[in-house]
Every structure is written in C-alpha cells, then in structure tokens.
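Notes to accompany the following structure.
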Amino acid sequence: MRSNNLSLAWQFYHQEKGHAYRRFPALIQLILMVFIVTLSQTSNSIQTYLNTNLNNLLGADIVISQKGRLTDAQETHLNRISERSALTQSLKTTLTYNDNWQRVTLKAVGNNYPLQGELLTSYSLGGKTIAGSSGPLSGEIWMDSRLLTVLSIQLGEQLNIGDQRFTVSRIILHEPDRLMEGHNVDMRALIHHDDLEQLNFPKDIIHSRYLFSANKKQINDMIEWQKAHLPAAQIHHKQGAHPLALFWQRTENFIGLASIILFFMAAIAIQQLNQLQMQKEQFFSAVCISFGASKSTGLQISIIKWLLNIAFLLPLVLLLSTLLHWLAIQWLSTRFDALEWHWNILHSIKPMLIAAIIFSAFHLPIWFRLKQASVRQLINNLDSKVSKSLSFTCALIVLATVSAIYSDNALLTAMVLGAIGISITLILLISWFALSLGEKSTKKFSGLIPFALYMMKQRLLSKTTQILGVGLCAFLLLFTLMLLKDLGGTMNAYQRQHDGNLLITQASETQMIDIDTWVAKNAIEIRQRKPFMYGKLTHINDMHLSDYADTPSDSLATFMRSIRLHWNDSIPENNRIVDGEWWQTNATHWQQISIEQEVMTDLGLQLGDRLTFYITEQSVEFEITASHAYKPGAGSITFWAQMPAAALDFIAAPHYHMASLELEDAQFSLLAQVWQKHPSLRMVSMDEITQRFDKTLAMVTQIISGFSILISLLASIVILSSVHALEAKEKKKNSIIMSFGLSKKTCFHLNIIEWFVTGSIAASGAIIGTWIAGLLIYESQFSMLYRPNFFWLLTTLSIILFIVTAIGIVANKNSLSSSIRELMTE
Amino acid sequence: MSINPNNRIELDKVGQSFTSNEHEVLLFQDLSISLVQGESYAITGPSGSGKSSLLMLMSGLELPSKGQVTYLQNTHKLPLSDLRGEIGFIFQQFHLLPELDALNNVALPLKLRGQKGAEEKAKYWLTRVGLAQRLKHKPQQLSGGEQQRVAIARALVFEPKFIFADEPTGNLDTKSAKEVADILFSCCLENGAGLVMVTHSETLAARAQHILAFKNGQCELLEHEHDKGKVHYA
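Protein chains in written order, with UniProt numbering: chain A, 1 to 826; chain B, 1 to 234.
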C-alpha cells in the first residue's frame, strides 16, 4: 500500500508541479531557503575568517592590553610566567607635513617585535615585499601607503613629530598583530620605542599591548592573574573568541530577525494558495475514500508530494545560495582583508532542515483538514476551506520559530518585531480605512469606480494582503533610501548650527589652555566645552563585566574599552532626568553616578546597582542614583556616565576636554600649527564626520537594497498568488458583467481601477509610514522637524503606482479571458 | 418598455459544427428563424445536441460555422455587436456575486452603466419578484428559488430587449421551478422582452410560444397549436 502511495504521489507531483498553486509556494520556499542558507554560509565564512585571524593575526599566544604601562612588578611577574614577550604602544595622533595633516595610529615597537609572524614592508609603492623580523630603527618612521599619499611625502623625506625629526624609510604592508585593530581603518605609522619615550606624549593616552608566547597552562595562569590584578585590562588569546565574533553573531541575528518580514509575506501568499490546494487535495482524498481507501491514504500522498517538492528544491537552493554566498564574500572582502569564500556543507544542511521544518508548519492546516476528509463532501459539496484560525496559528508558530532562532537579545528582538508590527498595523489600518471610506462615500453613485471600491471592500482580506505585500516592500525601500538620506542632511545642518564645524574629542588641560589662546588669537568661537576623565567599567554589582553579560550588545562592546566620565553638579542643558534623582551641589556622597537611559536598558541596569570603574590605577565604586537621556537643543556633546564634581577630590586622574568650534573655511589651514604642537590632540572636522556617516549610510543602503530585492520578489509573488487565488472568482465576475451586455473593455477598466487603488493605498501607506517613522526619529532623537523632499515623495508614489498597476494588470490578464459560455457550462 | 415586433434577431440558414479529434461534428444546419422582441422561445433536446450553442449564436456571443445572424431594429440592420447591450442572461447556477447582497446584485448592471437611481429600480424589481423582504440578504442566505428570482430581477432591471436563459429552473425543485417560471414569463411580458430559454423541462417549454426542438440531429421549430399566431405569455 505504501509503495502504491509513493508511486501515486510521484505521479501527482509531476502532474501538479506546473500548476500555480504548486509553483508559487515552491518559489517562495526557494527564495527563503536561499536567503537562510546564504546568510548561514556567509556568517560561517566570516567566523572562520575571524578564527583564522585570531590564530594568525594575534601576533602572540596571548595579548594583554590596557591604557598606560604595567608596573615593573607586574611586568616581572608576567615575564616569569612566559619566556618571550614584546611590548607595543600606540596612540592616536596627527602627523603634519607642509600644510597637510592626517590623523593616524602611531605605534611604537622595540627590538623584540614582532613576537610571532612577519612584518611585511617595501621600499616603494607597489615595490617588492620584504618580510622582516624587526621594526624601524630609532629616527625612522614607516608609514602605510595611504598615509604617504595623503601627506604627499616621499620615502627618504623627513617630517617632524613635535620637535623630533623622522625619516620616512619604508612602507608598511602588514603587521602580524593587526588583529587587535579589528575594523579600524585608521592610517598607520610605526616608530621605535626609544623615539616614543623622547616624544613625551602624556602616558594616559598611550595604549600598551603586551604580547606573550605561552602554552595552554601559561595562558590560563595569565588569565587568572589578570582577573585578580588587572581587572581593567583586556585579554585576548588563541583559545578564546575573536574580539569581533560576537559583533558578527549579532549582525547575523539582526538580519535573521529582519527576515521575519520575508516569512510574514510568505505566510500571506501561502495561506491564499493553500485554499486552492486544499480543495484539490481534499477532493482527491474524498474520492479515494469513496473507493474504499483508508483516510490516511490522501494524507500520506500529500506528505510524500510535499517531501518530493522540498527534495527537488534542494539542488537549486544549494546552487543559488552558493552563488550568492560567493557574491556576498566578494562584496565583504572590500572591508575584510583576505576574507575568503569558504563553503561548509553543514552550514547548508542545517538551515535547510530548519527551513523545511518551518515550511511544514505552513502545510499543517492542509494535512489537518485531510484527516477530516469524507465522502459526505462529495455528496453535499461541503465547504472545504482551511480554517482561518488554524492557518493563523500556524503562521504565528512559523514567525515565533524564526524569532526564537535569531533572537539573542530581548530588547533588539522587541524593537525589530515592534517596528515590523507597527508598519503592518499601519498599512492594515490605512487599507481598511481607505477602502471603507471609498466604499461608503461612493455608495450612492453609479459607475465603475464605486463598483470597484465596493468589490475591493467586500474582498477586504485578500485585497489587504496584496496591499500589505506591496506596502511593506515600498516602506522598507523608502525608509532606507529616503529617510536616511534626509536624516544625514538634516543632521549635518543641525550639528553645524549647534556644534560648529570642528569637534575636539580629546584635549588635555595643557592642550586646552593652548587652544584657548589660539582661539582668542584667531577670533574663533568655542560653542561647547565639557571636561571628562577616562574610566574602565570592570564590575557590575561585584560581578566581573565578562561574567555579567554574555549576549552581545553595543553598550557592552563599548564598555570593553575605557569610557569618558563627565562630572558636574547640575543637570547638563542637553540632558533630562529619566529616572532617579540628580545629586545636590557639593554632594557629600560623591560615589553617585547617572547612566544614560539606553545603556541602562541595554545592560539591564537598575537604580541602586553598583558599578566599579578602574580609573588610572584606582578602583572606584559608584551607585546608580539617576538615569539621564539626551535632550536636543543645547549641543550634542553628552556622556553615558556622569558623576558629582565632588568625586574629583577623591579620584586622581588626568582631566580632558571635549569641545566644539566654529571655524571659517580659511581658518582650517591654521589647524596644522595646533596639531604640529600637539600631535596627540584629537580633533575631527564636520566634513570627516559627514564622510564617515555617508560611508556607513552607503553600506547600510547596499545591504537594505539587497534585502529589498528579496522583499520585492516576495511582494510580486504575493500579488501573483493572491491574483491566482482569486482568479476563478474574477473570471466569474467578469463573465457576469459581460452577461449584462457590457464589454470586456469594461472589465479591463475595472481591473485598472482596482490595481490603481491597490497601488495608491500601498504607496500612501508606505509614505505615511516613512513620514511617521521620520517624525518619531527626528522628534524623539533630535527634536528636529522632519522636512521630507516632496519631489522625491511624489516621484516615488508615481513609480510605485505604475509598477503595482502594471504587475496587477498583467497578472490579471487571465481573468479577462472569461466568457458567458463558461457560466453556462459550469 | 413597449413591445416592438420590428426588433428581431434573424438566423438565416445557420449551421454550427466543431472539430473533435480531427472529426467534424455537426450540431445543426440550415436553421432559419426570426426571434421577435416580446415573444417567448424554448430550445429543447437531449444533452449535447447543441441547445447551448444555438443560444450562444442567437445572443451573438458566437459566430455560426455557416449562415448568418443579423440584428434588426425597426427594420434597420445593425451589427451584431449592437445586440450586446440589449440582452440579458439567466443561468442555471444563478451566478450571483457572493460578495453583494440581493439589492446590490440587482443594481449592479445599472451602476456599471453609470445610471442614476439604480438602487430604487433594483428595489422595484426585487419587490416585483417577491423578494422585498430579502433586499439585504447575501446569495448564500437565500434558497435556490430565491437566488434565481434575484437573477431574473438582475437580468431585467436594465430593460434588455431579449433575455436568454440557460436551464433557468434546472436546479430547482418542482414548486420553486413553477414559481420561478411564473415570474420569468410575467416579468418578460411586463418588460416587453423577448425570452429565449434552453430547457429540459417539457412543462416549462410548453409555456413558450415557440419551441425549437433538437431531434435526431435536426432542429425543428414547433409552434403551440392553441397559441399559434399570438403573442402570449402564461
């Protein structure tokens, strides 16, 4: 019996595969599987790359890094554990040559550098690569090729850092300990340790990295020792995770979560087609029963057909996902040096299996109804529709499963799902409101438009799903391409107005005094100025930070480094209290701290929690007594952590300043003098900020555009599926209209009207959605008025309208081929 | 609408055939008849004899294999396409739009034509077919007989000159069939519309003034002896 079922299923599978109710779901499953497998493979390639990096680019077996040097006793202790070590020290500084300047990471190395691996250099641009085992000599500086170009300096020429002269002697191609730079794209220069000593940079701006050769036991000893004696230091070792591994895991999870939109649209399309498939399968099952077959025959055949469908999809999924994976790696390799295409069969099979299980949930309602098939249905022509509540439950199960697979952070999941939920609700409301209003207001009138509106209102559910598919797609495209573009433009204008066009991100007390003099001399306006000190969060409620949170978050990633601690006695003008109470002026209880609201949420902090900061060489405990948020209108320099000014009496640490200035265009050339005198001064111009923003925006736009292609594909399938699901009804409607003596042209006009209305509602929904999102973001985050570009809005509206109407008309072509004769023969 | 016997559909030596498995199947040939507005015609015969095909030819929806179909209005010969706007259909399966209630189903032809007062006229016709109390009911809430009465009202509401009905009582029980037939004939009479119907029911066919019967591959025009020469509806 089973083999009979198998051969029957095989036969029916081949007969049905060309039908739309089979073809569209197969297409949807193909797209989703390709997406998931590509995501999994790409993520795996990146993780493999990071692991390889960890092994090859750590430049040591274990690295301990921190601000400033270790004490002699600490160095001696570590050197007792490991036989070989090397020290590198780096700082951000600005190199100047003639009138050119460039912000760089300057690294100083000794004679024992590199510890492991090779330092690759060359004597000319594009020249022969030299693999070396030592760094520059004293008086030499090695630069990367971009830096040479930006400074317009040649090999052999000399430049000054402070009062010291350096000869540019080589081009750096590769440092074996580059891993620690992560995504850092700063331009780089290398000098000798002895020269760094001579330059007399403030010790607290120098980051020290101690590289050790060590075996497993020595690594463990060092980790234990670091936890006990250097809690603020960062430690990386070959047996641990790459510093960026969590970040990329988060990226994969975020994209995975966003795929809920895709699954949602798939659910819409499949749910509509299921009705058609249901009728056919249940009819077949009932006929089988009438022949005396068991109830399970139809069910078994249906399950086998479904499995065959999945099995035939797999080769295509593998082929397409491999191609897309390769393309994704090519694209990413512009950002990751030496990222290679790496294919892993397990990372294809696992997601395909999960996807198949998820898709089976879409099919459950059909199988459930097949269990209930009976001959009665053939005699009484009973309704064989799939129960809506069952379909809805199954769709919810699918969406919940996808969320669960990709969720690593409740807040992020809630935010992504919330954003999608709001868009969907908005489009649904607009559809319902527009169609109801249209129908009500034209009820008393005759003509094609009132009839089209009336019919659309009557078919609200199927129409809304079409609108939803198109609307979501348009919303995502608009939001990305238009809103972010506007946001960038407005932010630039706003920052220019409030912050000036030059931001000092770190100036020491001495540097600030010189800046004051320089500013007064050149009639430059300082718009804001705020003091801060550096502190590294080590413990939360006595628990080490690495033990406190194991899920990735932006806040956690930032807290892995030292952060800026600001002090004051009154609430800054650009902050507002969200929770708790700000301290009184001259507070005696100085161990109070206010933490920014988003950080509190991200790390799950509460008022009363105790935070331990390592500040210079001192461990300081604070109690969270307040939480603040950014309030626009008084400049954008704000801090995550703020403490009472009274704390300064108890904490000995260097003080720095952040400030913003407004310079005339001509005055920018004066900056070279300041940087020459203070190479460690950190300044960034508004142009640079804008460029960074534009680069980020370009990357985000590319990712979202790729994602939008997938959504557009699915939106088209949603349209086609819904058209197909309604085709029989549409044909009948057109035939009936023709039986009133009206022509096919009338039906065609009705079709155009219907799709024009669908497109209008979807486009309006998307535009209103984008507008609301824009207003919310601008209002809540920047207190700025969102002024969308109306030309772009109208152009977009027209394009969406045109595309949707065209797709709808083409898809509906079949329904126009109806005739009155068909009504007679029914 | 007044009856104008000069409005007629002329079939002149019409024949219809189709090809099946490379064989030509002849349905009928050399059929000449004049369908006059205001008169009733029944087409009878066994299944597959060509009744529906003849109905399609008469309504101008299909072209004959041989012969000619013309539409005459006050002796003016008009293209068959002009007939399209002058005819209404009634089907065995009723074919009401399930999304619309009875009132809107009937008002639909008028609304699509952009006519004013569509709902008032629809209300009148539904009252006329005895469904004044069922205006807001959707098709699935109506019995088969009621649905067919709605379909009759819908076919007549835009005052066509001819009504073509395909087995109008074929799906109904005897009592409902009689009620529907009464309404169909009286409404066509009231409206001055010609009625052409395909039916298997001898009782229904007997109520028509003219009967076209398919027998042994031939189509013959039979006339009621007692009604010969009269315009009369039961």
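Even for Gly, the Cβ is constructed at its ideal location relative to N, Cα and C.
By the criterion of Cβ-Cβ separation under 8 Å, what are the contact partners of residue i in chain B?
i: GLN458 (chain A); result: GLU99, LEU100
i: LYS295 (chain A); result: Here the premise fails: no neighbours, minimum Cβ distance about 29 Å.
i: PHE451 (chain A); result: LEU108, LYS111, LEU112
i: LYS733 (chain A); result: LEU97
i: LEU396 (chain A); result: Those within 8 Å of LEU396 (chain A) in chain B number zero; the least Cβ separation is about 28 Å.
For residue i, which residues in chain C fall below 8 Å Cβ to Cβ?
i: ILE87 (chain B); result: Of the protein chains in this structure, namely A and B, none is chain C.
Taking residue i as part of the alpha helix (DSSP H), name the residues at either end of that continuous run.
i: ARG369 (chain A); result: 346-370
i: GLU623 (chain A); result: From DSSP, GLU623 (chain A) is part of no alpha helix (DSSP H) but of the beta strand (DSSP E) over 618-630.
i: ARG154 (chain B); result: 144-156
i: ILE260 (chain A); result: 260-290
i: GLN37 (chain B); result: Element bounds for GLN37 (chain B): n/a, residue is neither H nor E.
i: ILE183 (chain B); result: 174-191
i: TRP567 (chain A); result: Looking at the DSSP string, TRP567 (chain A) is not in any alpha helix (DSSP H); the run it does join, the beta strand (DSSP E), is 563-568.
i: LEU545 (chain A); result: 545-548
i: THR638 (chain A); result: Unbroken run through THR638 (chain A): none, as it is neither H nor E.
i: ASP602 (chain A); result: 597-603
i: ALA672 (chain A); result: 671-677
So residue i contacts chain A; which residues on that side make the cut at Cβ distance below 7 Å?
i: ALA122 (chain B); result: Going along chain A, no residue has its Cβ under 7 Å from ALA122 (chain B), so there is no contact; the nearest lies around 11 Å.
i: PHE91 (chain B); result: LEU823, MET824
Please list the partners that residue i has in chain A, where partner means a Cβ-to-Cβ separation under 8 Å.
i: PHE158 (chain B); result: PHE740, GLY741
Taking Cβ-Cβ distances shorter than 9 Å, what residues in chain A pair up with residue i?
i: LEU61 (chain B); result: MET738, SER819, ILE820, ARG821
i: ARG84 (chain B); result: MET738, GLY741, LEU742, SER743
Give the range of the beta strand (DSSP E) segment to which residue i is assigned.
i: ILE577 (chain A); result: 575-580
i: LYS66 (chain B); result: 66-73
i: SER508 (chain A); result: 502-508
i: ASP221 (chain A); result: Looking at the DSSP string, ASP221 (chain A) is not in any beta strand (DSSP E); the run it does join, the alpha helix (DSSP H), is 216-229.
i: GLN16 (chain B); result: 8-20
i: GLY194 (chain B); result: 194-198
i: PHE312 (chain A); result: Note, PHE312 (chain A): premise wrong, no beta strand (DSSP E); alpha helix (DSSP H) at 295-332.
i: LEU199 (chain A); result: Where LEU199 (chain A) is concerned, there is no enclosing beta strand (DSSP E), although the alpha helix (DSSP H) it sits in stretches over 193-199.
i: THR203 (chain B); result: First-last for THR203 (chain B): 202-206, but that is the alpha helix (DSSP H), not the beta strand (DSSP E).
i: ASN160 (chain A); result: 158-161
Whose Cβ in chain B lies nearer than 9 Å to the Cβ of residue i?
i: MET33 (chain A); result: By Cβ distance, chain B contributes nothing, its closest Cβ being about 37 Å from MET33 (chain A), past 9 Å.
i: MET455 (chain A); result: LEU97, GLU99, LEU100
Chain B partners of residue i, CB-CB under 7 Å?
i: SER722 (chain A); result: By Cβ distance, chain B contributes nothing, its closest Cβ being about 15 Å from SER722 (chain A), past 7 Å.
i: LEU448 (chain A); result: LEU112
Within 7 Å of chain A by C-beta, residues of the stretch 37-59 of chain B in sequence order | SER52, MET56
Is there contact here, the stretch 144-158 of chain B with the stretch 99-108 of chain B, by at least three beta-carbon pairs under 8 Å?
-> yes
Which of the residues in the stretch 113-141 of chain B, read from start to end, lie with their CB under 9 Å from any CB of chain A?
-> ARG113, GLY114, GLN115, LYS116, GLY117, ALA118, GLU119
Name the residues in the stretch 806-824 of chain A whose C-beta lies less than 9 Å from a C-beta of chain B; which are they?
-> SER819, ILE820, ARG821, LEU823, MET824
Counting Cβ pairs, one atom from each stretch, are 3 or more of them under 8 Å apart for the stretch 120-130 of chain A and the stretch 209-218 of chain A?
-> no
Within 9 Å of chain A by C-beta, residues of the stretch 165-190 of chain B in sequence order | ASP166, GLU167
Curious, which full-length alpha helix (DSSP H) runs of at least 4 residues does the stretch 51-138 of chain B contain?
-> 51-58, 102-112, 118-128
Please name the residues in the stretch 595-620 of chain A whose beta-carbon is closer than 9 Å to at least one beta-carbon of chain B, in chain order.
-> none
The stretch 22-30 of chain B in contact with the stretch 792-811 of chain A per 3-pair CB rule at 8 Å | no
Let me know the beta strand (DSSP E) ranges lying completely inside the stretch 75-147 of chain A, each 3 residues or longer, listed in chain order.
-> 85-97, 100-109, 119-122, 130-132, 140-144
Unbroken alpha helix (DSSP H) runs of length 4 or more, entirely within the stretch 383-450 of chain A: which are they?
-> 388-406, 410-441
Given 8 Å as the limit, is there contact between the stretch 646-657 of chain A and the stretch 610-629 of chain A, that is, 3 or more CB pairs closer than that?
-> yes
So does the stretch 668-684 of chain A actually touch the stretch 594-609 of chain A, counting three or more Cβ pairs closer than 8 Å?
-> no
Quick one: which unbroken beta strand (DSSP E) runs of 3-plus residues sit fully inside the UniProt domain "ABC3 transporter permease C-terminal" (707-811) of chain A? Chain order, please.
-> none
For the 8 Å Cβ check, are there 3 or more pairs between the stretch 257-269 of chain A and the stretch 449-469 of chain A?
-> yes
Would you check if the stretch 32-43 of chain A and the stretch 186-196 of chain A touch, i.e. whether three or more CB-CB distances between them fall below 8 Å?
-> no
May I ask you to list, following chain order, the residues of the stretch 745-765 of chain A that have a beta carbon less than 8 Å from some beta carbon of chain B?
-> THR746
Any 3 or more C-beta pairs closer than 8 Å across the stretch 675-684 of chain A and the stretch 633-642 of chain A | no
Below 8 Å, can you find three or more Cβ-Cβ pairs linking the stretch 349-357 of chain A to the stretch 725-733 of chain A?
-> no
Quick one: any contact between the stretch 70-81 of chain A and the stretch 191-198 of chain A, if contact means 3 or more CB pairs under 8 Å?
-> no
Mind the definition here: the stretch 19-28 of chain A touches the stretch 79-86 of chain A only if three or more C-beta pairs lie below 8 Å; say whether that holds.
-> no
Say whether the stretch 113-124 of chain B touches the stretch 751-770 of chain A, bearing in mind that this needs 3 or more beta-carbon pairs closer than 8 Å, one atom from each stretch.
-> no
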